[in-house]
Amino acid sequence: MQKIGVFICHCGTNIAATVDVEAVTEAIKNEPGVVYAANYQYMCSENGQALIKNAIAEYGLTGVVVCSCSPRMHEATFRKAAQEAGLNPYMVEIANIREHCSWIHKDKVEATEKAIILARAAIAKVHLNAPLISGQSDVTKRALVIGGGIAGIQTALDIAEAGFEVDIVEKSPTIGGKMAQLDKTFPTLDCAACILTPKMVDAKSNDKITLYTYSEVESVKGFVGNFEVSIRKKARYVNTDLCTGCGECTTKCPSRKAKSEFNMGLMNRGAIYIPFAQAIPNVATIDPQYCIHMKTGKCGLCEKVCSAHAIDFKQQDEIVEQKYGAIVMATGFNLINLDQFDEFGYSKYPDVVTSLEFERLMNAAGPTEGTLLRPSNHEHPHTLVFVQCVGSRDTSGCGKPYCSKICCMYTAKHAMLVRDKYPDTEVYVFYIDVRTPGKNFDEFYRRAVEQYGVHYIKGMVGKVTDKDGKLIVQGSDLLENKQLKIEADMVVLAAAVEPDPSARSVASMLTASIDTNDFMTEAHAKLRPVESPTAGIFLSGMAQGPKDIPETVSQASACAAKVIGLLAKDHLVNNPCVAQSNELRCNGCSNCEKVCPYGAISYIEKEVNDHGVREVRRIAQVNEAVCQGCGACTVTCPSGAMDLKGFSTNQIMAEVDAICR
Amino acid sequence: MDKFLQEQILRMSGVNTRKCMKCGKCSGTCPAYDEMEYHPHQFVAMVESGDIDALMQSNSIWTCLSCFACVERCPRSVEPANLIEAVRLAVIRQQNANHLKAQEIPENLEEKLPQQAIVSAFRKYSK
Amino acid sequence: MILSYYPGCTLKTKAQDLDLYARKSAEVLGVTMEELEEWQCCGAVYPMASDEIATKLSAVRALENAKEKGQDLLTLCSACHHVIKRVNHDMQTNADMQMKVNNYLQLDEPYTGETKVVHYLEMLRDLVGFDKIKEKVVNPLKGKKIAAYYGCLLLRPSDVLQFDNPENPSIMEDFIRSIGATPVETPYRNECCGGYVSMENKKLAQKKVDLIISSAMEKGAEMIITACPLCMYNLDANSTEHKLPIVYFTELLAEALGVK
Chain Y
124 MQKIGVFICH CGTNIAATVD VEAVTEAIKN EPGVVYAANY QYMCSENGQA
174 LIKNAIAEYG LTGVVVCSCS PRMHEATFRK AAQEAGLNPY MVEIANIREH
224 CSWIHKDKVE ATEKAIILAR AAIAKVHLNA PLISGQSDVT KRALVIGGGI
274 AGIQTALDIA EAGFEVDIVE KSPTIGGKMA QLDKTFPTLD CAACILTPKM
324 VDAKSNDKIT LYTYSEVESV KGFVGNFEVS IRKKARYVNT DLCTGCGECT
374 TKCPSRKAKS EFNMGLMNRG AIYIPFAQAI PNVATIDPQY CIHMKTGKCG
424 LCEKVCSAHA IDFKQQDEIV EQKYGAIVMA TGFNLINLDQ FDEFGYSKYP
474 DVVTSLEFER LMNAAGPTEG TLLRPSNHEH PHTLVFVQCV GSRDTSGCGK
524 PYCSKICCMY TAKHAMLVRD KYPDTEVYVF YIDVRTPGKN FDEFYRRAVE
574 QYGVHYIKGM VGKVTDKDGK LIVQGSDLLE NKQLKIEADM VVLAAAVEPD
624 PSARSVASML TASIDTNDFM TEAHAKLRPV ESPTAGIFLS GMAQGPKDIP
674 ETVSQASACA AKVIGLLAKD HLVNNPCVAQ SNELRCNGCS NCEKVCPYGA
724 ISYIEKEVND HGVREVRRIA QVNEAVCQGC GACTVTCPSG AMDLKGFSTN
774 QIMAEVDAIC R
Chain E
727 MDKFLQEQIL RMSGVNTRKC MKCGKCSGTC PAYDEMEYHP HQFVAMVESG
777 DIDALMQSNS IWTCLSCFAC VERCPRSVEP ANLIEAVRLA VIRQQNANHL
827 KAQEIPENLE EKLPQQAIVS AFRKYSK
Chain V
58 MILSYYPGCT LKTKAQDLDL YARKSAEVLG VTMEELEEWQ CCGAVYPMAS
108 DEIATKLSAV RALENAKEKG QDLLTLCSAC HHVIKRVNHD MQTNADMQMK
158 VNNYLQLDEP YTGETKVVHY LEMLRDLVGF DKIKEKVVNP LKGKKIAAYY
208 GCLLLRPSDV LQFDNPENPS IMEDFIRSIG ATPVETPYRN ECCGGYVSME
258 NKKLAQKKVD LIISSAMEKG AEMIITACPL CMYNLDANST EHKLPIVYFT
308 ELLAEALGVK
């Protein structure tokens, strides 16, 4: 018989306001095996933990039940306290009477009754607990960063700085991401290229960093400390070792139909191309969809002009296998498609552009070499209207329910830059709310209004039409209680951001959870913001949620610190709650092997002694270092041979019995 | 603040005014804006605050074109047109409060006026 | 192909052309329009209030009649289509409405929105196909520049009407192409013409109409087509600045098919 101590937490008023903790203490005192019961205001505090330690010593407890918050919150805390008092940490069970009880009930009588039942279930389980000993696994001292934008680059640089190997996998031909497309950056207005390109060069020249550009993650196996990843290096049809990046081929290529991704489709590029002059690596890539040679067998001009003989039309995709201890998701973002917002005329009028297109139209390396011209007729625009919240904060089903966070500031930046460069312009900004919480952010926005005379209008645009070559922007001015019709030359739409479409498939390969908007979920929104709930997966940049460059860089470095903390360890303590197979019950069916997502189960031929009968059978064997304790095998096993330590079928049935008693 | 009227309007219209984030897109989109005393976004705000009487007295309820542009373009699915119709109904369901009277029809008739115009005017402006 | 057909009152009186040419064209296209035997006026406006029941009954009767025949219900007038389609949506999704309407009508089997409502344009697009129309055209309207005027009722609210992209529709432009003419897109094709207030606030109606017509003229349109008798009247009678021929789309169809 176990000697069990039960500790009931008030959690301030979180639990005590809805659950009568005294009544719970009294009720469970008489449960079989309970030799001590107490309640305390904050069990997780030092005093609360001391209560557990003292009771273990004084009453010789062999099991502990803490009735408190979710085990995801403080199970580790209480296990550690028990361990310090000499008890095996796996003899501690949590009854969740907060999230599962006090927070979701209003009636105190009902909630108290439920708390007692949950406590009884945990007590019943502890009776069947056995001490568990954790094993160890090695840590591969190499990190993988998926995505080569500013988030991925910063994380990789910081990890490399600490002395660890790190690989960046980037799906486009160059690293740099969205930041490389930007003109100036708020709130200091330094040029994006001036601060990003040196980092890109650092990433390339750092001997701890390997760049896999034009590459994608193909599959991921393994677990924290021991991931096995295959990376597909897509064929560029250019030998990158030979290519000097001279660009001769890109200017001679006669196929000019492909839209330049870097310039947001505002100009065309060759079928063989280097995305932009500062691309890293500075090598050419052939787009087989547009290459005349690859489609018809003719042309081949690039091959003829390449003095380095780098063109290789027969190049194949290559698969690289690599082991990693940690993986970073830095897959970034895109602007949403505006098909659902044709009231703004984006698909109809060339002079209605997205903010990212506007960045290219203002950029010295853009299609107009930095001179702002109307895309329709290449004339100087005199009146510009910016529309914020296009598709953000939209619950109608057309857009995104969240605030995209960066648009208020970049719109202020755009408006300010236009007025600064072209004082003859009138600039209007339609806003719902101006959100500028950030260091020097509100000052920046006010500068746009007060110093640069940008007209901020509280209201929203309802419709964009055209007349005699001008855009007519019809919108409301809520403060003046007027409907405005502004004759504009250009309209710039601050389209909502969304996670890159690759995030969903990469996340599922990593078994890392994403939210309803496809942003990566954090292990804890406040206390573990750069880690995924899946061990060994870390989050950097927009993949986790909308954020600007300063915030992205901070988070990228925070993420690197977490990765370094993991890679600095030689061994990881494994979770001992792993599957085990009862060899006498195993019928050798292989079902468990098939469902195991971690490849932890194999089959061996083994001599068993079945009630005196010795025979060789084919039975399942669990690699405890690999098993993550997900339990898929236990519910698949038809003969009941598979069981999960710490969550055995007997323990769960005892809990159910206790609840139904 | 007329609680009873407010509840009636909310029930009839099926609109949840709390969903409004006060962006003003409804009023930015409204084709009858300039003819209205109170504009679509004000209907939402005034029903929310219970200021129904002013809306019932206003010409706005007869000026709304029922084009549903505000409903279509609202980013929060608030449906201001439904509110305007509910206020209009609250007026014409009172005794002798029809906005359009049968005896006024002949003077408005035109050779080409389709039946649809008369029927819809009756539906919208009288009970 | 046989469809139940709901013409509505205006098509029997002021908008006889809309109806007549639709029937003639349907014959050429192999579509049989079976007019419902006892239809009643749909009411011309969809009653939005949740407590309006009686005003929706005539639409339900038409829907029920088509259901009994096991046919889709074809509409032509924009207003009738709007009312019938939205009432049908209520009957599919609003349990309270379902109960009250069925309690009142006492049908053999309750009506719960089973009938599919098809506008004549949707029929051309989805059931006949614009390619098929192209084949049947004998007098292509070559070189004619035509602006489509959609108005409000066919497009909005789009989650119920499901007719086309409400902000950038293409069905009427595709129709114009299928009869050999050239579509002219105007930004006001889905903005209201003010038809509802044409009787009592002429000034407002005129303002809206002038905007639509001047924009169409600026874009080079020679005529405007519509599916709505009220828009037709309003665009024609209340334009003060310029005049453009306003034509029912079915009339052009019949002309192209050689049955006008």
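Residue numbers (the working numbering), protein chains in the order written: chain Y, 124 to 784; chain E, 727 to 853; chain V, 58 to 317. Virtual Cβ for every residue (Gly too), placed ideally from N, Cα, C. Predicted model only: the values in this text are computed from it and were never measured.
Nearest-angstrom Cβ-Cβ length linking residue i and residue j, presumed shorter than 8 Å
{"i": "D306/Y", "j": "C317/Y", "result": "So it is not a contact: roughly 11 Å between Cβ atoms."}
{"i": "G489/Y", "j": "R542/Y", "result": "Not really, about 19 Å apart at Cβ, beyond 8 Å."}
{"i": "K152/Y", "j": "A160/Y", "result": "5 Å"}
{"i": "R819/E", "j": "I787/E", "result": "13 Å between Cβ atoms; not a contact."}
{"i": "R243/Y", "j": "E149/Y", "result": "With 8 Å as the limit, R243/Y and E149/Y do not qualify as a contact, their Cβ atoms being about 13 Å apart."}
{"i": "L736/E", "j": "V773/E", "result": "7 Å"}
{"i": "K357/Y", "j": "V289/Y", "result": "With 8 Å as the limit, K357/Y and V289/Y do not qualify as a contact, their Cβ atoms being about 21 Å apart."}
{"i": "T657/Y", "j": "L633/Y", "result": "6 Å"}
Proximal chain V residues relative to residue i, where beta-carbon distance stays under 7 Å
{"i": "D589/Y", "result": "P244"}
{"i": "S834/E", "result": "The amino acid at residue 834/E is misidentified as Ser; the sequence shows Asn. Within chain V, the residues near N834/E are M256."}
{"i": "A823/E", "result": "In chain order: nothing, as chain V lies at least about 16 Å away."}
{"i": "R802/E", "result": "The contacting residues do not exist; R802/E stays about 14 Å from chain V at best."}
Rounded C-alpha distance that separates residue i from residue j
{"i": "P296/Y", "j": "D129/V", "result": "53 Å"}
{"i": "N554/Y", "j": "E279/V", "result": "Checking the sequence, you will find Tyr at residue 554/Y rather than Asn. Roughly 39 Å between the two C-alpha positions."}
{"i": "L839/E", "j": "A294/V", "result": "9 Å"}
{"i": "E224/V", "j": "E837/E", "result": "34 Å"}
{"i": "F201/Y", "j": "V189/Y", "result": "8 Å"}
{"i": "M738/E", "j": "K113/V", "result": "15 Å"}
{"i": "L458/Y", "j": "P624/Y", "result": "11 Å"}
{"i": "E341/Y", "j": "R355/Y", "result": "6 Å"}
{"i": "Y447/Y", "j": "F187/V", "result": "57 Å"}
{"i": "L731/E", "j": "R118/V", "result": "33 Å"}
{"i": "I660/Y", "j": "G286/Y", "result": "20 Å"}
8 Å Cβ cut-off: residues of chain V touching residue i
{"i": "S470/Y", "result": "N225"}
Proximal residues of chain E, C-beta to C-beta of residue i below 8 Å
{"i": "E248/V", "result": "P757, C793, A795"}
{"i": "A313/V", "result": "Those do not exist, as A313/V stays about 25 Å from chain E at its closest Cβ, beyond 8 Å."}
{"i": "L601/Y", "result": "K748, G750, S753, H767"}
Contact list for residue i against chain E, beta-carbon separation under 7 Å
{"i": "P64/V", "result": "Ordered by position in chain E, no residue passes the 7 Å Cβ test against P64/V, which lies about 12 Å from the chain."}
{"i": "K71/V", "result": "K838, P840, Q841"}
{"i": "R516/Y", "result": "M747, P801"}
{"i": "K265/V", "result": "P757"}
{"i": "V584/Y", "result": "G754"}
Chain E residues whose Cβ lies nearer than 9 Å to that of residue i
{"i": "D153/V", "result": "Chain E residues near D153/V: none, gap ~11 Å exceeds 9 Å."}
{"i": "Y253/V", "result": "C790, L791, S792, C793, A843, S846, A847, K850"}
{"i": "C750/Y", "result": "Under the 9 Å cutoff, chain E gives no residues; its nearest Cβ is about 47 Å from C750/Y."}
Proximal residues of chain Y, C-beta to C-beta of residue i below 8 Å
{"i": "E275/V", "result": "K590, D591"}
Interface partners of residue i on chain Y, CB under 9 Å
{"i": "P806/E", "result": "Going along chain Y, no residue has its Cβ under 9 Å from P806/E, so there is no contact; the nearest lies around 12 Å."}
{"i": "S135/V", "result": "None at all; the shortest Cβ gap to chain Y is about 20 Å."}
Contacts of residue i in chain Y (Cβ-Cβ under 7 Å)
{"i": "S296/V", "result": "Under the 7 Å cutoff, chain Y gives no residues; its nearest Cβ is about 17 Å from S296/V."}
Jot down the residue ranges of each uninterrupted beta strand (DSSP E) in the region 147-177 of chain V, minimum 3 residues, whole runs only, in chain order. 174-176
Got a sec: which bits of the region 741-753 of chain E sit with their beta carbon under 8 Å from any beta carbon on chain Y, in order along the chain? K745, M747, K748, C749, G750, K751, C752, S753
Can you give me, in chain order, the residues of the region 205-237 of chain V that have a beta carbon less than 7 Å from any beta carbon in chain Y? N222, E224, N225
Mind listing which residues of the region 436-470 of chain Y have their C-beta closer than 9 Å to chain V's C-betas, in chain order? D462, Q463, F464, D465, E466, F467, G468, S470
Completely contained beta strand (DSSP E) runs for the region 393-456 of chain Y, where each covers 3 or more residues: 441-447, 449-452
Listed in chain order, which residues of the region 80-107 of chain V have Cβ atoms closer than 8 Å to some Cβ of chain E? C98, G100, A101, V102, P104, M105, A106, S107
What residues from the region 644-670 of chain Y come within 7 Å of chain E, judged by C-beta to C-beta, listed N to C? none
Quick one: which unbroken alpha helix (DSSP H) runs of 4-plus residues sit fully inside the region 165-248 of chain V? Chain order, please. 187-193, 215-218, 228-235
Give the list of continuous alpha helix (DSSP H) stretches no shorter than 4 residues that lie fully inside the region 542-623 of chain Y. 564-573
Entirely enclosed alpha helix (DSSP H) segments - the region 84-128 of chain V, minimum 4 residues: 114-126
For the region 496-530 of chain Y, enumerate the residues whose C-beta is nearer than 9 Å to any C-beta of chain E, in chain order. C512, G514, S515, R516, D517, T518, S519, G520, C521, G522
Could you pull out every unbroken beta strand (DSSP E) segment of at least 3 residues lying fully inside the region 288-312 of chain V, listed in chain order? 303-305
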